[in-house]
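Protein chains: 2
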Amino acid sequence: MLELAILGLLHESPMHGYELRKQLTTKLGAFRAAISYGSLYPTLRRLQTDGWISEGAPPAGMPASADEVPLLTGKRGRVVYTITAEGKERFQELLTAAGPETYDSEAGFGVHFAFFARTDPATRLRILEGRRRRVEERREGMRDVLSRAAERLDAYTLELQRHGLDACEREVRWLEELIANERNGTTPQPPSADPERSS
Amino acid sequence: MLELAILGLLHESPMHGYELRKQLTTKLGAFRAAISYGSLYPTLRRLQTDGWISEGAPPAGMPASADEVPLLTGKRGRVVYTITAEGKERFQELLTAAGPETYDSEAGFGVHFAFFARTDPATRLRILEGRRRRVEERREGMRDVLSRAAERLDAYTLELQRHGLDACEREVRWLEELIANERNGTTPQPPSADPERSS
DNA sequence: GGCCGATGTATCGGTCCGATACATCGCAAC
DNA sequence: GTTGCGATGTATCGGACCGATACATCGGCC
Chain X
1 MLELAILGLL HESPMHGYEL RKQLTTKLGA FRAAISYGSL YPTLRRLQTD GWISEGAPPA
61 GMPASADEVP LLTGKRGRVV YTITAEGKER FQELLTAAGP ETYDSEAGFG VHFAFFARTD
121 PATRLRILEG RRRRVEERRE GMRDVLSRAA ERLDAYTLEL QRHGLDACER EVRWLEELIA
181 NERNGTTPQP PSADPERSS
Chain C
200 MLELAILGLL HESPMHGYEL RKQLTTKLGA FRAAISYGSL YPTLRRLQTD GWISEGAPPA
260 GMPASADEVP LLTGKRGRVV YTITAEGKER FQELLTAAGP ETYDSEAGFG VHFAFFARTD
320 PATRLRILEG RRRRVEERRE GMRDVLSRAA ERLDAYTLEL QRHGLDACER EVRWLEELIA
380 NERNGTTPQP PSADPERSS
C-alpha cells in the first residue's frame with residue numbers, strides 16, 4: 001500500500017523522504033490522515049533492496065561526489081530517491097493487480113484511486129465496482145442495526161449509526177456516478193496538457 | 200482503543216470472544232471496519248493479566264443454571280470474560296482521559312462516541328470540539344489543494360479531493376449540531392432507562 | 001453417513017503508527 | 001553577533017492492529 005504510493009509519486013519525479021511525506025499527505029489526505037516516518041523510511045529501504053528505487057539523482061548528470069554516499073554537502077544531507085526501470089514495471093503490476101485488499105480499507109482504495117489516471121479503464125471499473133460492493137455491505141449492516149435493534153441502543157450509538165449510514169449512502173452514490181462515467185467513456189478530462197494516451 | 204471498547208462492552212454484560220467481536224463490529228461499524236482476532240485475543244489476555252477482566256462467570260452467586268455455558272467439558276470450549284471492579288474504574292478513567300489520540304483517528308473517536316451515554320457532559324463537549332478542530336484542519340488542507348493547486352492535478356485526484364472535502368464539511372456540520380445539543384442540554388434522550396436530570 | 005456453514009479459540013508475520021532523537025538551515029529578536 | 005526557534009530533514013523503537021491461517025465443535029440438511 002505504502003509501496004504503491006511511493007512508487008507512484010517517485011514515478012512523477014525523484015524526491016527525498018520529507019517531500020515524499022508531504023506529497024503523500026496532501027495527495028492521499030482525503031482517505032487517510034498522514035504517513036508516519038516510522039513506516040516511510042523502512043519502506044524506502046525495503047524498496048531499495050528490492051531494486052525498485054535507487055538512491056541519488058536520476059540520469060541527469062550526477063555531480064562529482066557520486067561515490068559511496070553522495071550526500072549533497074558531505075554532512076548528513078538529504079537523500080534523493082529515484083524510481084528504477086524495474087520499479088516502474090512493479091508499479092504497473094501493483095496498479096493492475098487490485099485484489100480485495102484494495103476495496104477493504106479506505107486507505108487502500110484511496111491510494112489506488114489517486115493513481116487512476118495511470119490505471120487502465122478495465123481495472124478502474126473493477127476497483128470502483130468492488131469498492132461499491134463493500135460500501136453497500138457496510139450500508140446494509142447499518143440499516144439492519146437501525147431497523148432491527150434501534151430500540152435497544154442509546155441515542156448516541158443511534159446517532160453514530162445514522163451518520164455512518166448517511167456517509168455510506170453518499171459514497172455509494174458517488175461511486176455510482178464514477179462508474180457511469182467510466183462506462184460512458186466520460187472519464188473526467190485531465191485539465192489540458194496530458195499527452196498520456198493508451199499506448 | 201481496543202481496550203476501551205472491550206471494557207465498555209463487558210461493562211454491559213459478560214461475553215466470550217466471538218460475541219465480543221460481533222458486537223464490536225456492529226457497534227463501531229460506522230467508523231472502523233472490523234476487529235481482527237489477531238488483536239482481540241492478545242488484548243483480552245493483556246486485560247486479564249492487568250486485572251481488568253477475569254475469565255468465567257460473574258461473581259454474583261449465580262447458581263449454575265443449565266444455560267450457563269458449561270461447555271468446558273474437558274474440551275476446548277468457549278471462554279466467558281467478565282469485567283472486574285478495577286476494570287470498571289479503568290473504563291471510567293479511559294473514558295475521561297480523552298487526549299488528542301481520541302480526535303486523530305476515526306476509530307478512536309468512534310469508540311469514544313459509542314460510549315458517550317456513559318461519559319460525563321464536560322468530556323463529551325471536549326471530545327466533540329477536539330474532533331471538530333481536527334476535521335476542520337483536514338478540510339482546510341483540502342480546500343487549499345483545490346484552490347491553489349487544482350490545475351496541477353489530474354481529474355481523478357481532483358475528484359478525490361472534492362469528495363473528501365464534501366465529507367469533511369458534512370462531518371463538521373454534524374459535529375456542530377451535536378455540540379449545540381450538548382450546550383443546550385438537549386442531549387439525545389436515552390430510550391427510557393435512567394435519563395440524566397434535564398437542567 | 002457425510003457435508004457444510006456458523007460458532008468458537010488461537011497464533012504468526014507483517015504493516016503502519018506515535019513518540020522520540022538528532023542534525024542543519026535561515027531568520028528574527030536582542 | 002549570538003541566541004533562540006521553527007521549518008526542514010533522516011532515522012529508530014516499541015507497540016497496536018490486521019489478514020491469513022489452523023483447528024475444533026455444533027446443528028442442520030440431504
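Protein sequence lines correspond, in order, to chains X and C. At the far end of the first sequence sits residue 199, using this note's numbering, and the numbering has no gaps. At the far end of the second sequence sits residue 398, using this note's numbering, and the numbering has no gaps. We put the CB at the ideal spot given by N, CA and C, even for glycine.
Between the alpha carbons of residue i and residue j, how many angstroms are there, rounded?
i	j	result
ILE252 (chain C)	HIS362 (chain C)	42 angstroms
GLU169 (chain X)	GLU106 (chain X)	15 angstroms
PHE308 (chain C)	ALA85 (chain X)	43 angstroms
LEU165 (chain X)	GLY185 (chain X)	30 angstroms
GLN247 (chain C)	GLN23 (chain X)	43 angstroms
THR82 (chain X)	SER235 (chain C)	36 angstroms
LEU72 (chain X)	ARG21 (chain X)	Model confidence at LEU72 (chain X) stands at a pLDDT of 40, short of 50, so the residue's coordinates are unreliable and nothing is read from them.
THR25 (chain X)	ALA33 (chain X)	7 angstroms
ASP104 (chain X)	PHE230 (chain C)	13 angstroms
ALA348 (chain C)	GLU339 (chain C)	13 angstroms
LEU239 (chain C)	GLU300 (chain C)	20 angstroms
ASP144 (chain X)	ALA354 (chain C)	36 angstroms
GLU202 (chain C)	GLU350 (chain C)	45 angstroms
ARG245 (chain C)	PRO213 (chain C)	17 angstroms
ALA175 (chain X)	ILE6 (chain X)	The sequence shown places Leu at residue 175 (chain X), rather than the Ala named in the question. Looking at the two C-alpha atoms, the distance is approximately 25 angstroms.
GLY77 (chain X)	MET200 (chain C)	38 angstroms
GLY38 (chain X)	LEU153 (chain X)	39 angstroms
PRO241 (chain C)	GLU376 (chain C)	38 angstroms
ASP120 (chain X)	GLU55 (chain X)	29 angstroms
ASP50 (chain X)	MET142 (chain X)	43 angstroms
GLU19 (chain X)	GLU218 (chain C)	45 angstroms
Between residue i and residue j, which are expected to be in contact by the criterion C-beta below 8 angstroms, what is the C-beta distance as a whole number of angstroms?
i	j	result
VAL135 (chain X)	VAL172 (chain X)	5 angstroms
ILE179 (chain X)	LEU125 (chain X)	7 angstroms
ARG131 (chain X)	LEU95 (chain X)	Rounded, the Cβ-Cβ distance is 15 angstroms, inconsistent with contact.
ARG138 (chain X)	GLY228 (chain C)	7 angstroms
Any heavy atom of the ligand SAM closer than 7 angstroms to the CB of residue i?
i	result
ASP365 (chain C)	Of ligands this structure carries none, so the ligand SAM is not represented either.
With C-beta atoms as the reference, is residue i less than 8 angstroms away from residue j?
i	j	result
GLU198 (chain C)	LEU327 (chain C)	This structure does not reach residue 198 (chain C), given that chain C is present from 200 up to 398, and the question cannot be answered.
GLY208 (chain X)	LEU44 (chain X)	It is not possible to answer for residue 208 (chain X), since the shown part of chain X is limited to 1 through 199.
LYS287 (chain C)	THR157 (chain X)	no
LEU359 (chain C)	ALA114 (chain X)	yes
PHE116 (chain X)	HIS11 (chain X)	no
ALA297 (chain C)	HIS311 (chain C)	yes
Are the C-beta of residue i and some C-beta of chain X separated by less than 8 angstroms?
i	result
THR281 (chain C)	no
TYR236 (chain C)	no
VAL334 (chain C)	no
ALA298 (chain C)	In the sequence on display, residue 298 (chain C) carries Gly and not Ala. Taking Cβ atoms only, chain X never reaches closer than 8 angstroms to GLY298 (chain C), which makes this a no.
ARG337 (chain C)	yes
LEU293 (chain C)	no
ARG382 (chain C)	no
GLN360 (chain C)	yes
MET200 (chain C)	no
LEU271 (chain C)	In this prediction, LEU271 (chain C) scores a pLDDT of 38, lower than 50, which makes its location untrustworthy; no coordinate-derived value is stated.
ALA229 (chain C)	yes
Using a Cβ-Cβ distance cut-off of 8 angstroms, determine whether residue i contacts chain C.
i	result
THR26 (chain X)	yes
GLY110 (chain X)	yes
PHE116 (chain X)	yes
VAL200 (chain X)	Because chain X in this structure spans residues 1 to 199, residue 200 (chain X) falls outside the shown range and cannot be described.
THR157 (chain X)	yes
ASP154 (chain X)	yes
GLY164 (chain X)	yes
TRP104 (chain X)	The identity of residue 104 (chain X) in the sequence shown is Asp, whereas the question assumes Trp. Yes, ASP104 (chain X) counts as interfacial toward chain C.
VAL79 (chain X)	no
MET15 (chain X)	no
TYR87 (chain X)	Here residue 87 (chain X) turns out to be Gly, not Tyr, going by the sequence shown. So no, GLY87 (chain X) is outside the interface.
GLY56 (chain X)	no
ALA167 (chain X)	yes
PHE91 (chain X)	no
GLY141 (chain X)	yes
(request) Identify every run of the beta strand (DSSP E) within the stretch 78-127 of chain X, keeping only runs that are complete inside it and at least 3 residues long; order them along the chain. (result) Correct list: 80-83.
(message) Which complete alpha helix (DSSP H) runs does the stretch 219-249 of chain C hold, if anything under 4 residues is left out?
(response) Listed in chain order, the alpha helix (DSSP H) elements of length 4 or more contained wholly in the stretch 219-249 of chain C are 236-249.
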